[in-house]
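I have placed the structure first, in the form of structure tokens, so that the comments after it can refer back to it.
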């Protein structure tokens, strides 16, 4: 089930069988990287995420907690949760955040017998697609 930017500040399609918290975390990271979410933008509360995505509040809390731990979001008692300046901080911090996602990609690609060149072309295609959306 897909949700548009009018409901949430990022697009997400919940795929059955996968971790919903991880899917939310990935969608939020993608929105920050692509510029759809910028430093200072408010992020939905646990309550709003759980209502809009029709998920357990504990799952929504887990996703937000992960994003805060990774430095993508900042939780402030008086303001709420907002996107951190610089998304995730330094280049090293951003690389570290992407590390787990890259490992999943590589493991799944090797499991399916996908060649490194095919991965490179697919990554480049998605990279270019995000660049077009930023303009």
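In this note's numbering, the protein residues as written are 844 to 978.
Where is the CB? At the ideal position from N, CA and C, for every residue including glycine.
Task: Terminal residues of the alpha helix (DSSP H) in which residue 889 lies - done: In the chain shown, counting from the first residue as 1, residue 889 sits at position 46. 889-896 is the span of the alpha helix (DSSP H), which, as asked, contains residue 889.
- [ ] Within the same chain, show all residues whose beta-carbon is closer than 7 Å to that of residue 866, passing over the 5 residues directly before and after it, in chain order.
- [x] What you label residue 866 is simply residue 23 of the chain shown in a count that begins at 1. Answer for residue 866: 855, 857 and 858, listed in chain order.
Task: C-alpha gap between residue 884 and residue 902, whole angstroms - done: Sequence index remark: in the chain shown, residue 884 carries index 41 (1-based). Sequence index remark: in the chain shown, residue 902 carries index 59 (1-based). Rounded to the nearest angstrom, the gap between the Cα atoms of residue 884 and residue 902 is 22 Å.
Task: Beta-carbon proximity of residue 852 to residue 874, cut-off 8 Å - done: Working through the chain shown from its first residue, we reach residue 852 at position 9. Working through the chain shown from its first residue, we reach residue 874 at position 31. Taking 8 Å as the Cβ cut-off, residue 852 and residue 874 qualify as a contacting pair.
- [ ] Measure the alpha-carbon distance for residue 861 versus residue 868 and round it to whole angstroms.
- [x] Position 18 of the chain shown, counting from 1, holds the residue named residue 861. Position 25 of the chain shown, counting from 1, holds the residue named residue 868. When rounded, the distance between both Cα atoms is 12 Å.
Task: Close beta carbons around residue 945, own chain, < 7 Å, minus the five adjacent residues each side - done: On the chain shown, position 102 is the one that residue 945 refers to. Counting only Cβ-Cβ distances below 7 Å, and skipping sequence neighbours, we find nothing.
Task: Between the CA atoms of residue 871 and residue 947 - distance to the nearest angstrom - done: Counting from 1 along the chain shown, the entry for residue 947 is found at position 104. Counting from 1 along the chain shown, the entry for residue 871 is found at position 28. Approximately 17 Å between the Cα atoms of the pair.
Open item on the list: In whole angstroms, give me the CA-to-CA distance for residue 965 and residue 949.
Closed with: Translated into positions along the chain shown, residue 965 becomes position 122. Translated into positions along the chain shown, residue 949 becomes position 106. Roughly 12 Å separates the two Cα atoms.
- [ ] Please state if the CB of residue 907 and the CB of residue 924 are separated by a distance shorter than 8 Å.
- [x] In the chain shown, residue 924 corresponds to position 81, counting from 1. In the chain shown, residue 907 corresponds to position 64, counting from 1. Contact: yes.
Open item on the list: Mapping the DSSP letters down to three states, classify residue 945 as helix, strand or coil.
Closed with: Within the chain shown, the letter at position 102 stands for residue 945. Helix.
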